[in-house]
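Peer 1: Take a look at the following structure, please.
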Amino acid sequence: MSATTIETSEYATSYLTDGFTLRSWLLTTDHKRIALLYLGSITFFFFIGGAAAALIRYNLIVPEGMIASAETYNRIFTMHGVVMVWFFLIPAVPVTLGNFVVPLMLGARDLAFPKLNLISWYLFIIAGMVVVYSLFVGGVDTGWTFYTPLSSEYSNGHVVATVVAIFIAGFSSIATGLNFIVTIHRLRAPGMTWYKMPVFLWSLYATSVILVLATPVLAMTLILLGFERIFRVGVFDPALGGDPLLFQHLFWFYSHPAVYVMILPGFGVVSEIIPAFSRKRIFGYNFIVWCSISIAVISFLVWGHHMFVAGTSIYSAMVFSILSYLVAVPSAIKVFNWLGTMHKGYIRFDAPMLYALGFIGLFTIGGLTGLFVAALGADVHLTQTYFVVAHFHYVMVGGMVSAFFAGLHYWWPKITGRMYPEMWGRLGALIIFIGFNLTFFPQFILGYLGMPRRYHSYPPEFEVLNVLSSAGATILAVAYLLPLAYLTWSLLYGERAPANPWGATGLEWQTQSPPLTENFDETPIVTDPPYNYPPPEVVPHRV
Amino acid sequence: MRLWLTQATTSAPEVDYLILALLLISCAVLALVFGLMLLYMVKYRAGSGVDRGALANKTWRLETGWTVATLVAFFGLFVWGADLYLRLFQPPPDAMKIYVIGKQWMWKVEHSGGQSEINALHLPIGRPIELVMTSEDVIHDFSVPAFRIKHDVLPGRYEMLWFQAVTPGTYHLFCTQLCGTGHAQMTGEIVAMTAPEYQKWLEQQGASETLAAAGKTLFMRNGCSGCHGVGGNQAGSAVRAPALAGLYGSAVALADGTVVTADDRYIRDCILLPATQRVAGYQPVMPSFAGQISEDDLLKIIAYIKSLATVRPS
Amino acid sequence: MTAHFRNLLVTWVLLLVLLAAEFGASFLPLARSARPLILIPVVLMVAAVGTMFMQVGRGPTIVRLFAVAALLWLSALLGLGILDPMTRIEYHVQDASRK
Amino acid sequence: MSETSLPHGFQYSNAGHQSGTAISGMWLFLATEVLFFGAIILSWIYCRHWNPAGFDAGAQKTQLAIGTINTVILLTSSLVYSAGLAFIEAGNRRRLIQCCVITWALGFSFLILKFGLEYYKDFSANLFPGSDFAINGALGGGARLFYVFYFVSTALHGIHMIGGLVLVGWIILRARRDEFTPLYFTPVAVVGLYWSFVDVVWIVLYALIYLVGRGS
């Protein structure tokens, strides 16, 4: 721990001290305050989803299921899916770190439409309240995928209430995406051309393109599902001439790009942290940047790989398989470029860097197992089993959540003006890596052996691997509570943060931390290219 | 705890080779990524004085190199997977048909000899077997991990699945598409037996009449014979209705000008939605039996009409 | 400014002509699968309203970028979406059973 | 007032910057609406593909006359509003208000024809896909699906029309308070984009509902 000389920060005034009334927070249009409001809300939902995950792993300790009724188990994993996907993973980085950092990185005073930004938060909160209501009055037992005719006719859960909640949350995503795209296009600081922008902005731009163009299709799908469930109209009901596969097509047209909404901001955060802690320009800036854009485009063409055994035509399955392999190439390029950045760098192992390195490792495993389920022949055996569960948890939890924590630690000094405790941060990163692998690696083996997903009870020969996985889950739970503890601690007792604790490039580090309400005294002029790290003679590294 | 799944069908080893190849490629790439990462973490850590030398700024040669390599590898994997997929879902013509009906939380199996089973499927090894599957309510999924095969079972449609069992034994059957409360109980046993054992099992299943015979009684009871005649050849029927003898598999000209082959789906649609399949030159007088005939009775009637096809005096 | 008004009027007349064209085309005895050909005038009308009334040509370049993106994504949704039902083989039993 | 001294949001460098951003923002919102209605068009394709006969049977029972008149009304309203926009750019505020009032009247008459007359006729011929649906038997399934598509899409389009009427009304109020000048008319342009887009949606829906199933 550094010498505890409490330098009184000369930045007494900042956006945090610009009004203490509840009204100044709840009616703020300052992108930084809205980012903090969002940070609180998604942390709340992260722990609801996390509690459901704990119950799932608790249930699977014994083959016949610890929780008595399968009905309850179905509702628990549906809650885990719905809350985690729409109320944590999709908003996480864009609305918290993105909202805070995008105007700062652009050298702008605020987003293009500040009032729309506040509306987006209120839509998120209303949606959150409706989903919490629907969970507490009984929840849904259809899984977060809501396949018809189970969700439209045979389920006795609160499908319509949950569908309304997701419908409203969708508009919150569209508002955020629209705000980011227009801001990145129109509010760049003078001198900041597209190739002088940090990669984080490019990946948030790609994420917003997906948010804005995919979510409307989900909105219409949910309207049709609501009609089908209330009026039994037959759009998805084969007895009346409808086609249940139409629902799956419309659902996955949104939901596959949505998983890229979850991972692309993670790419952006890691592309900021690796150069900063390797003191070296990013390797292949143009390739990484255009990889993000190509992921945003191709991700709309691959949704059919979720339906290889669903009864769609085998020829359309082949088209979707080749396109799914195509979308994997940009992610592979990004991983090699991060490694290229570390090559011949001056690597420091602060907490954000450890989370980012964990991200690269776990995301690579997740990405590679994606190749298993993109190959048609292998997918017939592996789909709908724990192999797929492990695949998407490696990408979403191993990738996205690690990147979210990396970004949170990286920009924590800028957001709160306080430094987090370094040793605790590194410890947290290590425990997450260990706990995560112990939880989800056994599930690959379970998946190959054929254990189906969403099963309340399972044959006894899968028990040992499930117990191993549940043990890992307890470590993971501790690993997630740790940052909550020491980051909250740092709010009060953390060391005051200087303007640029990591010596990183980027406009957000050229203003005070925490920044003023209008971010910059006068709009900065951008001259040199991004990540212009001179090889450090003296390393401005805190002792 | 065993880490290896028996390969019980002819296609199982092929799926396993593909998964093994994917595993090897993944391990190679992982070794490269983790290796490079650890190497750089040690060699280029902040304190190490190792010479960094000139930084390569022309990166696109390296980038296009590994991108092309990845594309070629991926295309190879795609072709391998697609070829296997096509073979998995195109049955040989001489496959033995077994009918499977998924119902909320149980599997009903109908053998063409009339034997029916609940949550169990006895089948002979050594010959291709084709499962013709449908569901009576929600979407289920007939999945046998040991056979490396699964397929969703949709209501209102026939879905098909084929395999050729190799090693006798008892294997798990799972429903792998969430279908409500009893989804986890909707499991069963697939018993693969040698041909003689299978014959013995068929006999001791009791002389319950074959599907076709059961279909004949249903054909009478539901009044089909009233119009289509007792043997389906219009004998002694007051109303003019298409002859059913020799119908199965033949081409039928419909009233709206299209020509369809009379297969399972066509006959099923005629029974449930007769007006949509009106035969050219006949009045649409046939009533719809939708909702009156259950799925397994429907299979019996279709089996009976299929048996009329061979009775034709060729 | 009168040139602009003249353009607006010409566009309006063009739209009515296209409307009449597709209205008439709908009475032709086309085969059921060929009926979507009636939608060609629709594409022209949408283009006319887009360029003349909504003036997609004016304003910053990203306006045209968003318009093209919307059409591209729509064609991806409809194009790949049609692929499945068009090529889905209704399961039919080979005529082996008649042997 | 010169361009630079016009009031503009504190995060914009000048008014032109802000108005260009507002127009781009609206175009992006219209892109989301294109995808929103795209999903209902995909369901039209699926439902028609699986039961073409029934689907077209249902389409033949629609009120072609009212639909065609409504299309002409909307095309005209889009013309009149664009003229209004051109007038305010030339500084003629009075003409803008007149054009907006005509547009509002045309839009309102569309809704009256649509929900007042046509829906009334459909309900009285019990074409609403409820229990006593008019067409049953074999074509029933397809016809019922057509009317599901018909009611869902026209209802959603109607809601967008009502939104459009509110916006045009808001423009009329602001124009009467003399807020628009040849240098500042961004809201008029933005509402014009929305109005013409709702007209585009109706052009597509009109063909899918009334024309494709019309043949013999």
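Residue numbers (the working numbering), protein chains in the order written: chain A, 23 to 565; chain B, 0 to 313; chain C, 54 to 152; chain D, 31 to 246.
Ideal placement from N, C-alpha and C gives every residue a C-beta, glycine not left out.
The model shown is predicted, which means the values in this text are computed figures rather than measured ones.
Anyone know if the C-beta pair for residue 193 (chain A) and residue 243 (chain A) falls short of 9 Å?
Peer 2: The answer is no: Cβ separation not under 9 Å.
Peer 1: Counting only Cβ pairs nearer than 7 Å, list the residues of chain C close to residue 334 (chain A).
Peer 2: The answer, in chain order, is 137, 141.
Peer 1: Using a C-beta cutoff of 9 Å, does residue 243 (chain D) count as contacting chain B?
Peer 2: It does not: the Cβ of residue 243 (chain D) has no partner Cβ on chain B nearer than 9 Å.
Peer 1: Between the Cα of residue 201 (chain A) and those of A:183, A:161, A:261, A:125, spot the shortest distance and give me the residue it belongs to.
Peer 2: Minimum Cα distance to residue 201 (chain A) is reached at A:125.
Peer 1: What three-state label does DSSP hand residue 440 (chain A) in the structure shown?
Peer 2: Three-state result, residue 440 (chain A): strand.
Peer 1: Can you give me the Cβ contacts of residue 7 (chain D) inside the same chain, cut-off strictly under 6 Å, excluding the 5 residues immediately before and after it?
Peer 2: Residue numbering for chain D in the displayed model covers 31 to 246; residue 7 (chain D) lies beyond these limits and cannot be assessed.
Peer 1: Sort A:298, A:85, A:151 by Cα distance to residue 489 (chain A) and report the nearest one.
Peer 2: When each option's Cα is compared against that of residue 489 (chain A), the closest is A:85.
Peer 1: On the CB-based measure, 16 or more other CB atoms within 10 Å of its CB, does residue 241 (chain D) come out buried or exposed?
Peer 2: Label assigned to residue 241 (chain D): buried.
Peer 1: By how many angstroms is the C-alpha of residue 217 (chain B) removed from the C-alpha of residue 299 (chain B)?
Peer 2: Distance between the alpha carbons of residue 299 (chain B) and residue 217 (chain B): 8 Å.
Peer 1: Contact defined as beta carbons within less than 8 Å: I believe residue 130 (chain C) pairs with residue 239 (chain A). What is the distance between those atoms, to the nearest angstrom?
Peer 2: Between residue 239 (chain A) and residue 130 (chain C) the Cβ distance is about 7 Å, and since that is below 8 Å, they are a contact.
Peer 1: In this structure, how does DSSP classify residue 147 (chain C) when only helix, strand and coil are distinguished?
Peer 2: Interpretation of residue 147 (chain C) is limited by its pLDDT of 37, a score under 50 that renders its predicted location unreliable; the figure taken from the coordinates is listed afterwards. Correct three-state label for residue 147 (chain C): coil.
Peer 1: Nearest-angstrom Cα distance between residue 246 (chain A) and residue 136 (chain B)?
Peer 2: Cα to Cα, residue 246 (chain A) sits roughly 20 Å from residue 136 (chain B).
Peer 1: Assign residue 129 (chain B) to buried or exposed, taking buried as 16 or more other Cβ atoms, counted over all protein chains shown, within 10 Å of its Cβ.
Peer 2: Buried is the call here.
Peer 1: Helix, strand or coil, according to DSSP, for residue 82 (chain B) in the structure here?
Peer 2: DSSP places residue 82 (chain B) in helix when its eight states are reduced to three.
Peer 1: Under the rule that 16 or more other beta-carbon atoms within 10 Å means buried, what is residue 294 (chain A), buried or exposed?
Peer 2: Buried.
Peer 1: Along the chain, where does the beta strand (DSSP E) containing residue 188 (chain B) start, and where does it finish?
Peer 2: Taken as a continuous stretch (DSSP letters only), the beta strand (DSSP E) holding residue 188 (chain B) covers 187 to 192.
Peer 1: Would you mind telling me which residues of chain C sit closer than 9 Å to residue 267 (chain A), beta carbon to beta carbon, in chain order?
Peer 2: Going along chain C in sequence order, the residues near residue 267 (chain A) (Cβ under 9 Å) are 137, 138, 141.
Peer 1: Could you name the residues that DSSP lists as bridge partners for residue 174 (chain B)?
Peer 2: B:141.
Peer 1: At the level of alpha carbons, what is the spacing between residue 44 (chain D) and residue 209 (chain A)?
Peer 2: Taking the straight line joining both Cα atoms gives about 11 Å.
Peer 1: Excluding sequence positions up to five away, which residues of its chain have a Cβ less than 8 Å from the Cβ of residue 402 (chain A)?
Peer 2: For residue 402 (chain A), where only same-chain residues beyond five positions count, the Cβ hits under 8 Å are 330, 331.
Peer 1: Would you say residue 247 (chain D) faces chain B, with C-beta separation under 9 Å as the test?
Peer 2: Because residue 247 (chain D) is not part of the residues shown, which for chain D are 31 to 246, the question remains open.
Peer 1: Exposed or buried, which one is residue 280 (chain B) when buried takes at least 16 other CB atoms within 10 Å?
Peer 2: Flag for residue 280 (chain B) reads exposed.
Peer 1: Along chain D, which residues have their Cβ under 9 Å away from the Cβ of residue 321 (chain B)?
Peer 2: Because chain B here runs from 0 to 313, residue 321 (chain B) falls outside it and cannot be looked at.
Peer 1: Name the DSSP beta bridge partners of residue 260 (chain B), please?
Peer 2: B:250, per the DSSP bridge assignment.
Peer 1: Output the distance between the C-alpha atoms of residue 59 (chain D) and residue 220 (chain D), rounded to the nearest integer angstrom.
Peer 2: Their Cα atoms are separated by approximately 11 Å.
Peer 1: What does residue 234 (chain A) reach in chain D if we use C-beta pairs closer than 9 Å?
Peer 2: 58, 59, 61, 62, 65, listed in chain order.
Peer 1: Between the segment 66 to 78 of chain D and chain A, which residues of the former have a C-beta closer than 8 Å to a C-beta of the latter?
Peer 2: The residues in question are 66, 67, 68, 69, 70, 72, 73, 76, 77.
Peer 1: Does the Cβ of residue 340 (chain A) have 16 or more other Cβ atoms within 10 Å, making it buried, or fewer, making it exposed?
Peer 2: Buried is the call here.
Peer 1: Less than 8 Å between the CB of residue 243 (chain D) and some heavy atom of the ligand GTP, yes or no?
Peer 2: The model depicted lacks the ligand GTP and carries no ligand whatsoever.
Peer 1: Does the contact criterion of 3 or more C-beta pairs under 8 Å hold for the segment 339 to 356 of chain A versus the segment 311 to 320 of chain A?
Peer 2: Yes, the segment 339 to 356 of chain A touches the segment 311 to 320 of chain A.
Peer 1: Thinking C-beta only, is residue 117 (chain B) closer than 9 Å to residue 106 (chain B)?
Peer 2: Cβ distance < 9 Å, so residue 106 (chain B) and residue 117 (chain B) count as in contact.
Peer 1: Can you give, in chain order, each stretch of the alpha helix (DSSP H) that sits fully within the segment 209 to 242 of chain A and has at least 4 residues?
Peer 2: Whole alpha helix (DSSP H) segments, 4+ residues: zero.
Peer 1: What are the start and end residues of the alpha helix (DSSP H) that includes residue 279 (chain D)?
Peer 2: No answer is possible for residue 279 (chain D): it lies beyond the span of chain D, which begins at 31 and ends at 246.
Peer 1: Is residue 301 (chain A) helix, strand or coil when you go by DSSP?
Peer 2: The answer is coil: DSSP assigns residue 301 (chain A) none of H, G, I, E or B.
Peer 1: Between which two residues does the beta strand (DSSP E) holding residue 119 (chain B) run?
Peer 2: Where residue 119 (chain B) is concerned, the enclosing beta strand (DSSP E) stretches over 119 to 123.
Peer 1: Is residue 445 (chain A) buried or exposed, if buried means 16 or more other CB atoms sit within 10 Å of its CB?
Peer 2: Per the 10 Å Cβ criterion, exposed.
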